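Participant:
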Amino acid sequence: MTALVLVFGEDDNDREAVCHLARALCPGVCLAKRRSPLVLTKGRAEAEARKQASRIAAVVRAERIRSEIPLVLAHEDCDAVEPAHEALADRIEGNLSREGIPCVAVTPAFEIEAWWFLWPRAVTAVKSHWRDPGQQGREVGLIVDAKEALRHALRKPGGDRRHDYKESDSPKIAAKVGELELVDQPQARSASFARFATKLRVALRDGEK
Amino acid sequence: MVWLDGRKLDMSKNSSGLATLRKLGKPMVPEQVNDLAVLLETFRIFEVDVAKARMPSAVAVSGTLAADAGNLASFLAYLKQSHEPIFDQILDDMRYILPGFAGLHLTPIGGAAAGMVVEMEERGLGGRTPLAAASFGTIRALALLAMLHDPDPPRLTCVEEVDHGLHPYALDRLVERLRDASQRTQMLVATHSPALVNRLRSDELIVCERDPATGASIIPAIDAATVRAMAAESDLLLGELWFSGCLGGVPS
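Chains as they are written, first to last, in this note's numbering: chain P, 1 to 209; chain W, 1001 to 1252.
#1: Check whether chain W comes within 8 Å of K172(P), counting only Cβ atoms and requiring the distance to be less than that.
#2: List, from N- to C-terminal side, the alpha helix (DSSP H) runs of 4 residues or more that fit wholly inside the region 131-199 of chain P.
#3: Decide if the region 1166-1173 of chain W is in contact with the region 1104-1119 of chain W; the criterion is three or more beta carbon pairs, one per stretch, under 8 Å apart.
#4: How is the beta strand (DSSP E) around K1101(W) delimited, first residue to last?
#5: Any beta carbon from chain P within less than 8 Å of L1236(W)'s own beta carbon?
#6: Just to confirm, is the Cβ distance from V140(P) to A188(P) under 8 Å?
#7: With DSSP as the reference, please indicate the residues paired to K33(P) in a beta bridge.
#8: Express the C-alpha separation of A1181(W) and R1044(W) in angstroms, rounding to a whole number.
#9: At 3 residues or longer, what runs of the beta strand (DSSP E) sit wholly inside the region 1114-1159 of chain W?
#10: Determine the contact status of L88(P) and C103(P), defining contact as a CB-CB distance below 8 Å.
#11: Since I221(P) meets chain W, which of its residues come closer than 8 Å, beta carbon to beta carbon?
#12: Are the C-beta atoms of N13(P) and some chain W residue less than 8 Å apart?
#13: Run down chain W in chain order and give the residues with a C-beta less than 7 Å from the C-beta of V144(P).
#14: Less than 8 Å between CB atoms is the rule here; does R34(P) satisfy it with respect to chain W?
#15: Identify each residue in the region 1190-1223 of chain W for which the Cβ-Cβ distance to at least one residue of chain P is less than 9 Å, and report them in chain order.
#16: Provide the residue span of the beta strand (DSSP E) that contains C103(P), from first to last.
#17: Would you tell me roughly how many angstroms separate the C-alpha atoms of R138(P) and V5(P), rounded to the nearest one?
#18: Helix or strand or just coil, what does DSSP make of E68(P)?
#19: Pairing CB atoms from the region 112-126 of chain P with CB atoms from the region 178-185 of chain P, are three or more of them under 8 Å?
#20: By DSSP's criteria, V1061(W) is part of a beta bridge. Which residues make up the other side?
#21: Out of A1190(W), G1137(W), G1100(W), D1152(W), which one is the CA nearest neighbour of R1128(W)?
#22: Please classify I56(P) as buried or exposed, where buried requires at least 16 other C-beta atoms within 10 Å of its C-beta.
#23: Roughly how many angstroms lie between the CA atoms of R1095(W) and P1108(W), to the nearest whole one?
#24: When the distance is taken between beta carbons, is A1195(W) closer than 8 Å to G1239(W)?
#25: Let's test the definition: count the other Cβ atoms within 10 Å of the Cβ of R98(P) and tell me whether it reaches 16, buried, or not, exposed.
#26: When the cut-off is 8 Å and only beta carbons count, does L1188(W) lie next to chain P?
#27: Take the Cβ of Q52(P) as the centre, count every other Cβ of all protein chains shown within 10 Å, and call the residue buried at 16 or more, exposed below.
#28: Is D1257(W) buried or exposed, if buried means 16 or more other CB atoms sit within 10 Å of its CB?
#29: So does the region 1225-1240 of chain W actually touch the region 60-72 of chain P, counting three or more Cβ pairs closer than 8 Å?
#30: What does R121(P) touch in chain W if you count any residue whose Cβ is under 9 Å from its own?
#31: Helix, strand or coil: how does DSSP classify Q1032(W) here?
#32: Taking Cβ positions, are F110(P) and V144(P) nearer each other than 8 Å?
#33: Please name the residues in the region 1237-1248 of chain W whose beta-carbon is closer than 9 Å to at least one beta-carbon of chain P, in chain order.
#34: Below 7 Å CB to CB, which residues in the same chain sit around V18(P) once its five sequence neighbours on both sides are set aside?
#35: Nearest by alpha-carbon distance to S1135(W): which of E1122(W), G1126(W), F1075(W) is it?
#36: Can you tell me which of Q135(P), R131(P), V177(P), E179(P) puts its alpha carbon nearest to the alpha carbon of G159(P)?
Okay, structure coming up:
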């Protein structure tokens, strides 16, 4: 039976970006994106969050008919600065654990765009129109509204706004992180990324034992 | 170009080859080849041309529904004239699918060129609405129902995007009629609607996808027994399973 890590998340850009990062962190891992259910817990009451976890569990049970599913990656942006990612990640992992699903939560603070400040070389490798986003050595998990901050940081003075960062650029940046082998050379700090990277590597290493 | 027994048969690149099959004739090939050509020619690739279907038909009554439903009015007239219970069933289905729908009026066009025009009667609206003024979805639904109720269908009917233009609430009735029609003809319909797939049984679903490396079609992408087991294990509907990516047939 094939061993497959399933990736759930808020939208396909996020899922694709998480797949690239996971491959960069754990080369050789076999990943597949799964679309439904779309949203995990954001803005939802606890009962609804448990229901969503139960829907993910249903998809995993279906997949287990033909594949071994050692792990699920469940993405949701925090929409808050660190350390908000910890409570959100614990909540997602707890709800899925109660369903019998081993899970590593992917909870970027403030949102996944904050992570792109970690690898400025990967970002500028995607589009020559962009400038270095800066933030080297900083705690990027404290950047409020990271998407807008990244968009603004990448825009050259007087630059054409048609070249602005778009959410669909996110997977391209994540892919460059892998291609350029930058994942372990972040130029800034993000506790939410560090948590994800550590937990993913531990989970997959433990799964091999 | 086709060669047979040293004889060259010209064939257009765009040809289906059916005409060539017929050219072979009795002296060269068994009669079964001709029978096969006849059979293939009867297959209906049903693709409603809404612009044509909403126009009056050029003939008053026609017992065969055109593959583009361009003679919808005259086929409905035929059903009303020769199969009234079927015509009434179409009206009943239209009332279910289209709130406010009251009935159809078929009026022969006089003059030198005979023809047939369809008008709709709707509750709450005075007068009649000519089909020419009806919505895309209404015309397509009427044409689909006419095809699905065809008392003498071809051996195989194919429909692209069968749910196109239909309200999701209409899908219950559509699936029921597809099942009924499949007792008389093999139905092969394509859809990209999880809402429609949710209403299907595992043995009614064939998931198709392309091999990303070679571009070859993979049909089926997953066998029916596995789909059945996945649905049973997850308690998810087939459309939900397909949309999640579990069954394949989604962008990778």
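Here a beta-carbon is modelled for each residue, glycine too, at the ideal position from N, C-alpha and C. For clarity, every value in this text was computed on a predicted model and none was experimentally measured.
Facilitator: Let me spell this out:
#1: no
#2: 146-154, 170-179
#3: no
#4: Reading off the sequence shown, one finds Phe at residue 1101(W), where the question assumed Lys. Element bounds for F1101(W): 1101-1109.
#5: yes
#6: yes
#7: V7(P)
#8: 13 Å
#9: 1115-1122, 1156-1159
#10: no
#11: No answer is possible for residue 221(P): it lies beyond the span of chain P, which begins at 1 and ends at 209.
#12: no
#13: Chain W residues near V144(P): none, gap ~33 Å exceeds 7 Å.
#14: yes
#15: P1194, I1222
#16: 103-106
#17: 32 Å
#18: strand
#19: yes
#20: In DSSP, V1061(W) forms no bridge with anything.
#21: G1100(W)
#22: buried
#23: 24 Å
#24: yes
#25: exposed
#26: no
#27: buried
#28: No answer is possible for residue 1257(W): the residues shown for chain W start at 1001 and end at 1252.
#29: yes
#30: By Cβ distance, chain W contributes nothing, its closest Cβ being about 28 Å from R121(P), past 9 Å.
#31: helix
#32: yes
#33: E1240, L1241, F1243, S1244, G1245, C1246, L1247
#34: V7, G9, L73, H75, V106
#35: E1122(W)
#36: R131(P)
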